[in-house]
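Here our numbering is used: the first residue of the sequence shown is 110, the next is one more, and so on.
Ideal Cβ placement from N, Cα and C applies to all residues, glycine included.
First the structure, in the form of structure tokens, and then the observations on it.
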Amino acid sequence: MYNPVVKWNRITGIILLIMALVCLLISIWPVADHTIQIPFSISDEIAGKLELSNPDQMRVGDKTEIILRIVLDQDSQENQKLTLISKLELYNLEVTPRRESEVTIDRSIPLVLTWKITPRTSGIYSGTLWLFAEANTGDRSLILARPIQLVAKTLFGVSYQMARIIGFIGLITAIFLIFFPIIKQKLRGLAYNLM
């Protein structure tokens, strides 16, 4: 027997299913990172390279990482250790760690510095990544002062976390709209057979 309500529920369910799957796919698709290598030298004895990785864009509500990898050249002095001070200044963003970080790097082991960023609103955020070398006397020499510009985006006007929740709810609703009439019909047939 033809029932137009069941037909429209099924069509609505299929459309909602497609929209929910698209929303979920877009919200979990990985963001591309941009990596650059920057050579540096502090003195004749200490040289190396910096490898800076940051995302092309950020997603509102999701954590993003900026990674700075520091590698000293192998031909640097054998037992030379280096104290580095780093800071990422990005205003109006949650940045961890917020303060200056001080680490000692060994020639043979690459050092990886990571900052976690969480944007709460969409927009363009600018700041600077600072890296200093500190001598035993306490004097600092600048290694890197790199301007950083990050774009935070929303998905359909909401945070990506909220878009995933909406997509999941839409998926459950779509499955219900598509399969409930079939299950209801099977149960009616089962009840009819029991009588």
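- In the displayed model, Pro-148 falls within a strand according to three-state DSSP.
- Taking all protein chains in view, the Cβ of Trp-138 is surrounded by fewer than 16 other Cβ atoms within 10 Å, so the residue is classified as exposed.
- Assigned with DSSP and collapsed to three states, Ser-195 falls in strand.
- Assigned with DSSP and collapsed to three states, Lys-172 falls in coil, not helix or strand.
- Judged by DSSP secondary structure, Trp-239 falls within the beta strand (DSSP E) whose first and last residues are 232 to 243.
- Annotated as proximal: Leu-193 and Ile-179, with beta-carbon spacing under 9 Å.
- The three-state reading of DSSP puts Trp-224 in strand, counting E and B together.
- Nearest in C-alpha terms to Asp-171, of all of Tyr-269, Ile-284, Leu-280 and Thr-282, is Tyr-269.
- In the three-state reduction of the DSSP assignment, Gly-266 falls in the coil class, being assigned neither a helical nor a strand state.
- Taking 8 Å as the upper bound for CB-CB distance, Trp-224 and Ile-175 are in contact here, some 5 Å apart.
- Taken through DSSP and simplified to helix, strand or coil, Arg-273 comes out as helix.
- Short of 6 Å from the beta carbon of Leu-133, and not among the five residues preceding or following it, lie these beta carbons of its own chain, in chain order: Gly-276.
- DSSP links Met-167 through a beta bridge to Ala-261.
- Under the three-state reduction of DSSP output, Ser-162 falls in the strand class.
- Put simply, the segment 208 to 225 does not touch the segment 244 to 252. Fewer than three CB pairs are less than 8 Å apart.
- Sixteen is the threshold: when 16 or more other Cβ atoms of the shown chains lie within 10 Å of the Cβ of Phe-241, as they do, the residue is buried.
- Its Cα nearest to that of Leu-259, the residue Gly-236 stands out among Gly-236, Lys-295 and Val-267.
- Close CB contacts of Ile-151 within its chain, under the 7 Å cut and outside five residues either way in sequence, are with Ala-242, Ser-250 and Ile-252 (chain order).
- Taking all protein chains in view, the Cβ of Ile-226 is crowded by 16 or more other Cβ atoms within 10 Å, so the residue is classified as buried.
- In the same chain as Glu-209, and ignoring 5 residues on each side of it, the C-beta atoms closer than 6 Å to its own belong to Ile-194 and Lys-196, in chain order.
- Here DSSP, grouped into helix, strand and coil, assigns Val-204 to strand.
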